[in-house]
Amino acid sequence: MREENNTEEVLKDLTSGEYKYGFTTDVETEVIPMGLNEEVVRLISQKKGEPDWVLQFRLDAYRWWKEQPRPTWGHVLVDEVDYDKISFYAAPKKKTGNGEVDPEILKTFDKLGIPLHERDMLLGNAAAGTPLDGASNMAVDAIVDSESQKTTYRDKLAELGIIFCSFGEAVREYPDLVRKYLGKVVPTRDNYYSALNSAVFSDGSFVYIPKGVRCPMELASYFRINSSGTGQFERTLIIADDESYVSYLEGCTAPMRDENQLHAAVVEIYVHDRAEVKYSTVQNWYPGDKNGKGGVYNLVTKRALCAGDFSKISWTQVETGSAITWKYPSCVLKGDNSSGEFYSVAVTNNYQEADTGTKMIHIGRNSHSRIISKGISAGHSQNSYRGLVKVLPGADGVRNYTQCDSLLLSNTCGAHTFPVMDIQNPTAVVEHEATTSKINEQQLFYCQQRGIKEEDAVSLIVGGYAKEVVSKLPMEFAVEAQKLLSLSIENSVG
Amino acid sequence: MSAEKQYIELYRSQKALIDANSAPALNAYREEAARVLEQEGLQKPKDFTHVDPGQLLSADYLLNLARHEVPTGREDLFTCAVPELSTNVHFLCNEQYTGNTDKIKDSRFFAGSLREFARLYPEILTAYYNQLAGKRLDTGDKRSARFETCSLGEAALNTMLCQDGFVLYVPAGVEVQKPLQLISLLRAVDDFMAVQRLLVIIEDNAKASLLVCEHASMLPKMDDQSVVPDLLSLQTVEVFVGKHASLDFYRLEEHHEHAFRLGQTYVRLDEGAHADLGEYALTAGRTRNRMQIELTAPDAQVQLYGMAALDGEQCLDNITFIDHQAPRCQSNELFKYVLDEKAKGSFLGRILVRKGSDKTDAHQTDRNLCLTPDTRMIARPELEIYADDVKCSHGATVGQLDQQALFYMRTRGIPEDEARMLLMFAFMSDVIDGIRIEQLKDRLKHLIEKRFRGELKQQCAGCQIR
Numbered sequence: 001m002r003e004e005n006n007t008e009e010v011l012k013d014l015t016s017g018e019y020k021y022g023f024t025t026d027v028e029t030e031v032i033p034m035g036l037n038e039e040v041v042r043l044i045s046q047k048k049g050e051p052d053w054v055l056q057f058r059l060d061a062y063r064w065w066k067e068q069p070r071p072t073w074g075h076v077l078v079d080e081v082d083y084d085k086i087s088f089y090a091a092p093k094k095k096t097g098n099g100e101v102d103p104e105i106l107k108t109f110d111k112l113g114i115p116l117h118e119r120d121m122l123l124g125n126a127a128a129g130t131p132l133d134g135a136s137n138m139a140v141d142a143i144v145d146s147e148s149q150k151t152t153y154r155d156k157l158a159e160l161g162i163i164f165c166s167f168g169e170a171v172r173e174y175p176d177l178v179r180k181y182l183g184k185v186v187p188t189r190d191n192y193y194s195a196l197n198s199a200v201f202s203d204g205s206f207v208y209i210p211k212g213v214r215c216p217m218e219l220a221s222y223f224r225i226n227s228s229g230t231g232q233f234e235r236t237l238i239i240a241d242d243e244s245y246v247s248y249l250e251g252c253t254a255p256m257r258d259e260n261q262l263h264a265a266v267v268e269i270y271v272h273d274r275a276e277v278k279y280s281t282v283q284n285w286y287p288g289d290k291n292g293k294g295g296v297y298n299l300v301t302k303r304a305l306c307a308g309d310f311s312k313i314s315w316t317q318v319e320t321g322s323a324i325t326w327k328y329p330s331c332v333l334k335g336d337n338s339s340g341e342f343y344s345v346a347v348t349n350n351y352q353e354a355d356t357g358t359k360m361i362h363i364g365r366n367s368h369s370r371i372i373s374k375g376i377s378a379g380h381s382q383n384s385y386r387g388l389v390k391v392l393p394g395a396d397g398v399r400n401y402t403q404c405d406s407l408l409l410s411n412t413c414g415a416h417t418f419p420v421m422d423i424q425n426p427t428a429v430v431e432h433e434a435t436t437s438k439i440n441e442q443q444l445f446y447c448q449q450r451g452i453k454e455e456d457a458v459s460l461i462v463g464g465y466a467k468e469v470v471s472k473l474p475m476e477f478a479v480e481a482q483k484l485l486s487l488s489i490e491n492s493v494g
Numbered sequence: 495m496s497a498e499k500q501y502i503e504l505y506r507s508q509k510a511l512i513d514a515n516s517a518p519a520l521n522a523y524r525e526e527a528a529r530v531l532e533q534e535g536l537q538k539p540k541d542f543t544h545v546d547p548g549q550l551l552s553a554d555y556l557l558n559l560a561r562h563e564v565p566t567g568r569e570d571l572f573t574c575a576v577p578e579l580s581t582n583v584h585f586l587c588n589e590q591y592t593g594n595t596d597k598i599k600d601s602r603f604f605a606g607s608l609r610e611f612a613r614l615y616p617e618i619l620t621a622y623y624n625q626l627a628g629k630r631l632d633t634g635d636k637r638s639a640r641f642e643t644c645s646l647g648e649a650a651l652n653t654m655l656c657q658d659g660f661v662l663y664v665p666a667g668v669e670v671q672k673p674l675q676l677i678s679l680l681r682a683v684d685d686f687m688a689v690q691r692l693l694v695i696i697e698d699n700a701k702a703s704l705l706v707c708e709h710a711s712m713l714p715k716m717d718d719q720s721v722v723p724d725l726l727s728l729q730t731v732e733v734f735v736g737k738h739a740s741l742d743f744y745r746l747e748e749h750h751e752h753a754f755r756l757g758q759t760y761v762r763l764d765e766g767a768h769a770d771l772g773e774y775a776l777t778a779g780r781t782r783n784r785m786q787i788e789l790t791a792p793d794a795q796v797q798l799y800g801m802a803a804l805d806g807e808q809c810l811d812n813i814t815f816i817d818h819q820a821p822r823c824q825s826n827e828l829f830k831y832v833l834d835e836k837a838k839g840s841f842l843g844r845i846l847v848r849k850g851s852d853k854t855d856a857h858q859t860d861r862n863l864c865l866t867p868d869t870r871m872i873a874r875p876e877l878e879i880y881a882d883d884v885k886c887s888h889g890a891t892v893g894q895l896d897q898q899a900l901f902y903m904r905t906r907g908i909p910e911d912e913a914r915m916l917l918m919f920a921f922m923s924d925v926i927d928g929i930r931i932e933q934l935k936d937r938l939k940h941l942i943e944k945r946f947r948g949e950l951k952q953q954c955a956g957c958q959i960r
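If you read the sequences in order, they're chains A and B. According to the working numbering, the first sequence is numbered sequentially starting from 1. According to the working numbering, the second sequence is numbered sequentially starting from 495.
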């Protein structure tokens, strides 16, 4: 009986694992009227001062998108999004005339622990308890709503020929590069949400690593939705030229609001011969409250093209936020001997729903891929893995290994696995394994027996369960991801 | 005009003829079925499958609505022999039940014509017939409602046109010792569609085993002796296994490239029931099997085996759905494919564990061998779980023969072809090992060996189609 009371208490505390980044920043923001039509697309393009070809790219995407039905195949219940109630462009107005960042914004990023002062970073002055906490060797591109605020260490990186800037700047300053690669990995008409993004995309990051250069520091983008009634549609393009290497991090947060905010991003990565890109995400958009009210709809398209021989892409993601996650970072392994990796931990609690996974398209000979996906569901949440491993006829000697495990922490949540293997070459060796179970009672008992509280024990076991993925994150990220994990599942044991 | 409209029109114009050659208890379902078909239509092909039912059904087929007698007697037409397997053999030619070999009739249970059964026992028929096929399964979750394993439209088409078929009815407490064998033959001299219906009812504490052998004749077309007509079997099977009852149900398919099959099998298991189900395709034309298995009460158990050895341009889709609705149920699914030449296979397996189905033990394995560059295999093993105290797993692999094992055998003087054969045979063996009828197990092993040696041509040795 006592034990039952205990459990109830624990359940009562369920809300205490609060979302830490739910505050808003009070800055004057320029927001264009709500709704989406050709005029809005033109207005966004005009505000960003874009050349005509970008406008045409947007309009082409918009016209196609308008004709498309909204996809419903995900194992999630997405409410109809009313595009007339969303403003597709919002940017903090700069108060000072000399191009400096608004001090309020600076404060916000300080609060989030994102170091926008290069000097501070060196001193390790950032606030505690955030994904990028204490990151000392990192260049950051900070994006609020539709506009990039500041990109640090640009000059230092430029010495090596590395371009790291906001997408808007790239369009203006490196139009040839952008034009060459934009839409090459994720075509405009790839899917409903990528088309929407192509029509209204706002700032994201642009990265170009020249031939033979190994990027000396982690590059990071930090996305924040601040204004209400808006969505974020960032576009990121990473190009790794021959024999280059870059590790790129992405973090995101949003204020707590009762409305569902839309986030539809596109990330394109182009990897040349013998180049390697490591892309890590810690996604912590506002997940909604404990009754499932509010939260961000995270509907993104991420894809990497391993175009060159021996090229390599590695996706690592820790998904803890968002009311709805619909995301499949994919690898097109076109080059011979290219390789793709996908490591994912997705945690859902309360009424969150996640449908996430990856696609590995093997085109090149001897290409290999590895998928490790760990799902953790608690509360009333739904957590799905959806993946595709496709081997085309010309791809000899392909090797794939997929493992997806699900952990259930309550009897009201759901854990699902929807993998597809489409094999058209007899030399391919493709494996898929999946298990679903609840927390091992013996392990739990063992921990408790040694005086570890049930909650800490669960956290410990989950930590061990997710370790295979978290260990792939850059060190600064890994520590925080671990903290985020225990925070997300805090008090969810019942 | 769309295929479904044509079928509905055909039904409306030929209603009197269809009804006259069937039984009132079966006729009672037709109007409703026509309405459902009109509403649902014939399903579009699912992603990642090869067989398009809409396309197969839109071809022009003859139907034997007037129930013309098949020209020859049953045993002259076909004999099927599994040595040392003593079975009671029943014959189905196209959809028509043509008799059996029972010397002494066992009156404890009924095995025979659906039409006859409907005439003799309309109240039993009504309690079971179309109870599974005529309803959409409510999965209790809005998200999974989007997935449909069985097609309501296809089942409605069957119900609308079905005139005869086979029934096995085993009342409570009866144990049928001798296995039953149903030989189903597709035989026509023009493009033909057989609307087959099977109803298997095993009541509480009863026990039976049923082996269905499906063959297709290769008679040439009447008006053009150089071609073989297209034969399509549209089959709906409903299986009920009562409390603590037991059923072995194996289906052996030996079709040729002009024989198509659209099969839907619905199985419902009650408390403590046990079912062994097997789908063995030794040769297939174009086949789509859909299976929906419901474990409705605690402690039910189901074993589902599937095997396919395909070559030429054969293509086979298996779509299975196991629905755990109650606690402590077990399911075990094992499918294996060997694809050769230009064969195409797909396996879509879905396991649903509903809220409250604690202590569920569900496993699914799908292993596939692709032998040539022109084959294509698609595997979709899916788990959907809403309960936390469960043990569920699935595994799927696609690969080729183990080169090291091949090399090892060759170093020991085994010729390459023989070594490959041995490995393929070993690969298939665990699908067959689960069969609970010993003689059938041996026989099947023998047949699979012959199949891999390329000696099997449309029929098992011992079977004769005339």
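All C-beta atoms, glycine included, are put in the ideal place defined by N, C-alpha and C. If you're wondering where the values come from, they're calculated on a predicted model, not measured in any experiment.
Collapsed DSSP secondary structure at residue i in the structure displayed
| i | result |
| --- | --- |
| Ser406(A) | strand |
| Thr854(B) | strand |
| Asp718(B) | coil |
| Asp133(A) | Residue placement at Asp133(A) cannot be trusted, given a pLDDT of 41 that sits under 50; the coordinates are not used to answer. |
| Leu895(B) | coil |
| Arg506(B) | helix |
| Ile942(B) | helix |
| Met712(B) | coil |
| Met871(B) | strand |
| Met475(A) | helix |
| Lys334(A) | coil |
| Asn226(A) | coil |
| Leu756(B) | strand |
| Thr781(B) | strand |
| Arg914(B) | helix |
| Glu4(A) | Low per-residue confidence applies at Glu4(A): pLDDT is 39, beneath 50, and the placement is therefore not dependable, though the value from the model is reported in the following sentence. Helix, per DSSP. |
| Thr348(A) | strand |
Residues that residue i contacts on chain D, provided the C-beta gap is smaller than 7 Å
| i | result |
| --- | --- |
| Glu433(A) | No chain D is part of this structure, whose protein chains are labelled A and B. |
Proximity to residue i [Cα-Cα], best of the options
| i | options | result |
| --- | --- | --- |
| Ile879(B) | Arg637(B), Ala753(B), Asp600(B) | Arg637(B) |
| Ala820(B) | Ala802(B), Ala767(B), Thr790(B), Ala837(B) | Thr790(B) |
| Asp852(B) | Met475(A), Asp355(A), Gly414(A), Val27(A) | Gly414(A) |
| Trp326(A) | Tyr297(A), Phe310(A), Ile423(A), Val398(A) | Tyr297(A) |
| Gln382(A) | Leu409(A), Arg365(A), Asn260(A), Asn197(A) | Leu409(A) |
| Lys66(A) | Arg58(A), Thr72(A), Trp73(A) | Arg58(A) |
| Pro673(B) | Arg691(B), Val761(B), Cys644(B), Val706(B) | Val706(B) |
| Ser244(A) | Arg370(A), His263(A), Val271(A), Val78(A) | Val271(A) |
| Gln625(B) | Leu776(B), Val832(B), Val761(B) | Val761(B) |
According to DSSP, residues forming a beta bridge with residue i
| i | result |
| --- | --- |
| Arg691(B) | Thr730(B) |
| Trp529(A) | This structure cannot settle anything about residue 529(A), because the visible part of chain A is limited to 1 through 494. |
| Trp326(A) | Leu299(A), Asp355(A) |
| Leu651(B) | BP columns for Leu651(B) are empty, so no partner. |
| Ala675(B) | It should be noted that the sequence gives Gln, not Ala, for residue 675(B). Note: Gln675(B) sits in a beta bridge opposite Val583(B), Leu705(B). |
Is the segment 246-264 of chain A in contact with the segment 221-231 of chain A, if contact means three or more CB pairs nearer than 8 Å? At 8 Å Cβ cutoff, the stretches touch.
Contact between the segment 209-224 of chain A and the segment 158-166 of chain A (3+ Cβ pairs under 8 Å): When C-beta atoms of the segment 209-224 of chain A are compared with those of the segment 158-166 of chain A, three or more pairs fall below 8 Å, so the two segments count as touching.
How about the segment 542-561 of chain B and the segment 797-808 of chain B: do they share at least three Cβ pairs that are nearer than 8 Å? Contact fails: fewer than three Cβ-Cβ distances are below 8 Å.
With contact counted as at least three CB pairs below 8 Å, one residue from each stretch, are the segment 42-61 of chain A and the segment 342-359 of chain A in contact? By the Cβ criterion, the segment 42-61 of chain A is not in contact with the segment 342-359 of chain A, since fewer than three pairs of Cβ atoms, one from each stretch, lie closer than 8 Å.
Contiguous alpha helix (DSSP H) assignments of at least 4 residues, all confined to the segment 21-83 of chain A: Runs of the alpha helix (DSSP H) inside the segment 21-83 of chain A: 38-47, 52-67.
contact_flag[the segment 255-266 of chain A, the segment 19-28 of chain A] where n(CB pairs < 8 Å) is 3 or more: They touch, by the three-pair rule.
Residue ranges of each beta strand (DSSP E) within the segment 794-867 of chain B, 3 or longer: Listed in chain order, they are 795-804, 809-818, 824-833, 838-847, 854-864.
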